[in-house]
Amino acid sequence: MRRAPAAVTAAAALLVVASAGQAADWRRTATPNDRGRLRGWRDAWVAALTQARSTPDGAAAIARDRVLYDPDHALVDPVPPAGDYRCRTVKLGGGDALSFVPHEWFRCRVGQGKDPASFAKTTGSQRPVGTLYPDTDARAVFLGTLALGDETRAMPYGRDRSRDMAGIVERIGERRWRMVLPYPAFESTLDVIELVPAE
């Protein structure tokens, strides 16, 4: 895969600046559609797991890594520290053989803004870019957009419903996090992005 230009990461920083003036309250930034997706996160998760377990690969992977796929497993301090990470996306749900689609590891970065942090997947053909808003002691909220292919800039959040992304971020281990995106616009019922610090 071709590496995403640095402008994508810079765009994440711009999203942080724009949102910091809103007291880091994701509810004031989220679109009505994304507030609905976030309200339905558990329904999406349960449906996606049921579909994924219907495939041999999905059932085996979920059984091997119960922590990653358990919707009720979350630890305090949900926002990853600023730095470089390895990240991989697993798409759950979608029907038939596409109900469990794991992807390879790519590069991601968490940047520390004045108040909320930024997140950007910096390699790969589908790259979430956005802001991590504090929510509870065990959960943060991600709002951002999807950069595709060779695009050099991330689209501003709220401009294109098909590119907007919303999810919850949780810490699930000592140095392990996940971002869960319910009802993404493309391909699946639920996306799980696993993050671990880069070596």
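Residue numbers (mature numbering (1 follows the signal peptide of the UniProt record, and there is no 0)): -23 to -1, 1 to 176.
Built from N, CA and C at the ideal position, the CB exists for glycine as well.
Taking only the alpha-carbon atoms, compute the straight-line gap between Gly60 and Arg86 and give it to the nearest angstrom.
Counting from one through the sequence shown, the residue named residue 60 turns up at place 83. Counting from one through the sequence shown, the residue named residue 86 turns up at place 109. Spanning the two alpha carbons is a distance of roughly 6 Å.
Pro58 in three-state terms, based on DSSP:
Within the sequence shown, residue 58 is the residue found at index 81, counting from 1. Of the three classes helix, strand and coil, the one that applies to Pro58 here is coil, per DSSP.
Keeping to the same chain, check which residues put their C-beta closer than 6 Å to that of Val67; ignore five residues upstream and five downstream.
For the purposes of this step, residue 67 is identified with residue 90 of the sequence shown, where counting begins at 1. Answer for Val67: Pro79 and Val169, listed in chain order.
With contact counted as at least three CB pairs below 8 Å, one residue from each stretch, are the region 71 to 78 and the region 130 to 143 in contact?
no
Helix, strand or coil for Pro105? Go by DSSP, reduced to three states.
By one-based count along the sequence shown, residue 105 stands at place 128. In the structure shown, Pro105 sits in a strand (DSSP, three-state: E or B).
Gly150 versus Leu45, Thr8 and Thr27, residue with shortest Cα-Cα distance
For the purposes of this step, residue 150 is taken as residue 173 along the sequence shown, with counting starting at 1. Taking only the C-alpha atoms, the option nearest Gly150 is Leu45.
Glu81: buried (16+ other C-beta within 10 angstroms of its C-beta) or exposed?
One-based indexing of the sequence shown puts residue 81 at position 104. Label assigned to Glu81: exposed.
Ordered along the chain, which non-local residues of its own chain (more than five positions away) have a Cβ less than 8 Å from that of Leu(-10)?
Within the sequence shown, residue -10 is the residue found at index 14, counting from 1. Its pLDDT being 38, under 50, Leu(-10) is placed unreliably by the model, and the measurement read from it follows with that caveat. Hits under 8 Å: none found.
Have a look at Thr108, Arg148, Arg153 and Pro174 and flag the residue whose alpha-carbon is nearest the alpha-carbon of Tyr134.
Taking the first residue of the sequence shown as 1, we reach residue 134 at position 157. Comparing Cα-Cα distances from Tyr134 to each of Thr108, Arg148, Arg153 and Pro174, the minimum goes to Thr108.
Whether His50 touches Arg43 by CB criterion (9 Å):
Reading the sequence shown from its first residue, position 73 is the one you call residue 50. Reading the sequence shown from its first residue, position 66 is the one you call residue 43. Cβ atoms of His50 and Arg43: closer than 9 Å.
Distance check for Val173 and Arg153, CA to CA, integer angstroms please.
The count along the sequence shown starts at 1 and reaches residue 153 at position 176. The count along the sequence shown starts at 1 and reaches residue 173 at position 196. Each residue's alpha carbon lies about 5 Å from the other.
Beta carbon of Ser125 nearer than 9 Å to that of Arg138
Position 148 of the sequence shown, counting from 1, holds the residue named residue 125. Position 161 of the sequence shown, counting from 1, holds the residue named residue 138. Note on identity: in this sequence residue 125 is Leu, with Ser being the wrong assignment. Cβ atoms of Leu125 and Arg138: not closer than 9 Å.
Just the Cα atoms here: how many angstroms apart are Glu164 and Leu158?
Position 187 of the sequence shown, counted from the first residue, corresponds to residue 164. Position 181 of the sequence shown, counted from the first residue, corresponds to residue 158. Spanning the two alpha carbons is a distance of roughly 12 Å.
Is Gly135 helix, strand or coil by DSSP?
Position 158 of the sequence shown, counted from the first residue, corresponds to residue 135. DSSP places Gly135 in coil when its eight states are reduced to three.
Pick helix, strand or coil for Asp112, following the three-state DSSP scheme.
Reading the sequence shown from its first residue, position 135 is the one you call residue 112. Three-state result, Asp112: strand.
If you follow the alpha helix (DSSP H) that Gly126 is part of, which residue opens it and which one closes it?
The sequence position of residue 126 within the sequence shown is 149, counting from 1. Segment: none, Gly126 is in no alpha helix (DSSP H) and carries neither H nor E.
My guess is that Phe119 and Ala97 are in contact by the Cβ rule of under 8 Å, so how many angstroms apart are they, rounded?
Looking up residue 119 in the sequence shown gives position 142. Looking up residue 97 in the sequence shown gives position 120. Going by Cβ atoms, the distance from Phe119 to Ala97 rounds to 11 Å, so no, they are not a contact pair.
At which residues does the beta strand (DSSP E) containing Asp47 begin and terminate?
For the purposes of this step, residue 47 is identified with residue 70 of the sequence shown, where counting begins at 1. Run containing Asp47: none; DSSP gives neither H nor E here.
What's the call for Ser(-5), buried or exposed, on a 16-neighbour Cβ count within 10 Å?
For this step, residue -5 is matched to residue 19 along the sequence shown. The pLDDT assigned to Ser(-5) is 40, lower than 50, so where the model puts this residue is not dependable, and the model offers no usable value.
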